[in-house]
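Residues 0 to 147, numbered by numbering that gives the first Met the number 0, are exactly what the sequence shown covers, in order.
For every residue, glycine included, the Cβ atom is placed at its ideal position computed from N, Cα and C.
Heads up, the thing below is written out as structure tokens.
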Amino acid sequence: MVGRMRRHFSRSRLKIFVSSCGSAFLGLALCANVFQSGCRKTIETPPDIVFESEIAPVPPRTGPATVTLKLADSAGKPIDGVRINLEGNMSHPGMRPVFSEAREVGSGRYQATLEFTMRGDWVILVNVTLPDGRKLQRQIDVKGVGAG
0 MVGRMRRHFS
10 RSRLKIFVSS
20 CGSAFLGLAL
30 CANVFQSGCR
40 KTIETPPDIV
50 FESEIAPVPP
60 RTGPATVTLK
70 LADSAGKPID
80 GVRINLEGNM
90 SHPGMRPVFS
100 EAREVGSGRY
110 QATLEFTMRG
120 DWVILVNVTL
130 PDGRKLQRQI
140 DVKGVGAG
């Protein structure tokens, strides 16, 4: 009987220990997430930059898509000499991102080809480096990419 009580007591203590460790781990993970998100630097579009985007074909479908971007200053003057990189991701985890670099096709106009590899919702991150060295980032949501 004493042996059974010891085993029961030990198992109960083990359950409490595992439960408290799980709670501590969850708390630590939440704290780390808060600190990590607090350290992220969001790059917003400066108020003196006008950013426009178009995606073809309409409606979007799997396969190559042409992303056209237009950048201008607040007075409407096109901005030339910009470096633009694109990163396309599905809105759910587990898919490999696709990348592309835009090229200047006209005054303040840039184009890139991005491959939508699967049907569904996509997010395109546009990373821009302006001629004066400033950086900005925009996000383009592409809903409902259909079958090609």
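Could you check whether G87 and L113 sit closer than 8 Å to each other, using their CB atoms as the reference points? yes
Would you identify the three-state DSSP class for D47, choosing helix, strand or coil? coil
Among K142, L135, V141, G143, which has the Cα closest to the Cα of I83? L135
Rounded straight-line distance, which links the Cα of Y109 to that of D131: 18 Å
My assumption, with CB atoms under 8 Å, is that V81 sits in contact with I123. Please give the rounded CB distance. The pair is not a contact, with the Cβ atoms about 16 Å apart (cut-off 8 Å).
Kindly indicate the opening and closing residues of the beta strand (DSSP E) around K76. Element bounds for K76: n/a, residue is neither H nor E.
Between which two residues does the beta strand (DSSP E) harbouring L129 extend? Counting along the chain, L129 falls outside any beta strand (DSSP E), and DSSP gives it neither H nor E.
R137 (DSSP reduced to helix, strand or coil): strand
Whole-Å CB distance - M94 paired with D120, under 8 Å assumed: Rounded, the Cβ-Cβ distance is 11 Å, inconsistent with contact.
Could you tell me whether the Cβ atoms of I78 and G105 are closer together than 8 Å? no
Quick check on DSSP: helix, strand or coil for M117? coil
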